[in-house]
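The sequence shown begins at 1 in UniProt numbering and counts up one residue at a time. Scroll down for the structure; my scribbles are underneath it.
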Amino acid sequence: MPETPPDAAARRAAPPVICYPPDTLPAPDLALYARARDGAAKTAELLVPPRAARCFRVAAGQVLRISCPDGSQVGDLNLWAADDLSERFYSGKTRALHGTHLGVGDRLWSCLPFLRPMATIIADSLGWYGVDADGAGVHDVIGTRCDPYTNALLTGGQYHHHCHSNLVRALAAETGLTPDAAEPHVHDVLNLFMCTGFTRDSQRYFTKASPARAGDHVEVFAEIDLLGALSACPWGDCGTNSPMTATCHPLLVEILAPAPGALAGWRPPEPAPYDRSHGL
Ligand SMILES: [Zn+2]
């Protein structure tokens, strides 16, 4: 342990500086989205079975609704631009821009060199949860996705229904790619309904049983044409530390289309306006 300097207290007292103050971000027109949602009609739905994933497509301007129809269940969400798998959800920058857990008004941003809102959260039945006494919140963008490589490293076991593998199988089935070709497109997720935080003493990542119950839901406005994949995590509500013993439930995906004209004047966002010359 290095010696503590005499001015340690002063160094630690430097004030935190918010890296990306919320008022610097382009604000979504939530009133417009709410009006569009009010008149929207369901065009498709699918059930994601426990310990599996399914793909779906959402056109720009449509609403993606994800819910727990039968009981508490964490969902690991991947998003890509519908016509370009190289543009995909960027969990790390979304976390940096909005915080460790997402709610209404937060955007799901795409990776570089695009960096535009792929979607905006417009409804969240768990919006009441806030930050609990353990410092935890819901709809996590801290975690990555459960995967068989970490599992094999830590336990030596071979388990094939981690969210990573579920998403690989779903993307391969949707696109016709081989599993090997599909795997690199699977990326860090939005952990819907997952309740997580960092311990105060060691700042280690922790999970606790999701507060979601049957009927809880999130609604997301698609800012661009999307291909999505959702995995019903084998950890269920993530209240235990074993996928073998967790109680798992399905997740319901519904797509809703606003009434014609409801989004008059609205356009999908353009990529961030950097000229990409990188100083050359
Ligand atoms: Zn998982």
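No residue lacks a Cβ here, since even glycine has one placed at the ideal position from N, Cα and C.
Can you check DSSP and say which residues form a bridge with residue i?
i, result
"Y205", "F198"
"F89", "S110"
"P117", "W109"
"H101", "D140"
"R57", "L227"
"A44", "I255"
"D38", "Bridge partners of D38: none, in fact."
According to the neighbour-count rule (16 or more other Cβ atoms, all chains shown, within 10 Å of its Cβ), is residue i buried or exposed?
i, result
"residue 282", "Any question about residue 282 goes unanswered here, given that the chain covers just 1 to 280."
"S86", "exposed"
"Y274", "exposed"
"C238", "buried"
"P234", "buried"
"D124", "buried"
"D201", "exposed"
"E223", "buried"
From residue i to residue j, what does the alpha carbon distance come to, in whole angstroms?
i, j, result
"A228", "L108", "It is worth fixing the name first, because residue 228 is Gly in this sequence and not Ala. About 12 Å."
"L46", "V253", "5 Å"
"residue 368", "Y33", "No information on residue 368 is available, as it lies outside the stretch 1 to 280 that the chain covers here."
"D225", "V138", "26 Å"
"V220", "D83", "19 Å"
"V74", "V218", "12 Å"
"R54", "A31", "31 Å"
"P26", "V168", "33 Å"
"V186", "G103", "23 Å"
"G105", "A214", "23 Å"
"G130", "A81", "30 Å"
Where does residue i fall in DSSP's three states?
i, result
"C68", "coil"
"N151", "helix"
"A96", "helix"
"A170", "helix"
"D76", "strand"
"L192", "strand"
"H164", "helix"
Taking 7 Å as the cut-off, is the beta-carbon of residue i closer than that to any non-hydrogen atom of ligand 2?
i, result
"H162", "Looking at this structure, you won't find ligand 2 anywhere; what it does contain is ligand 1."
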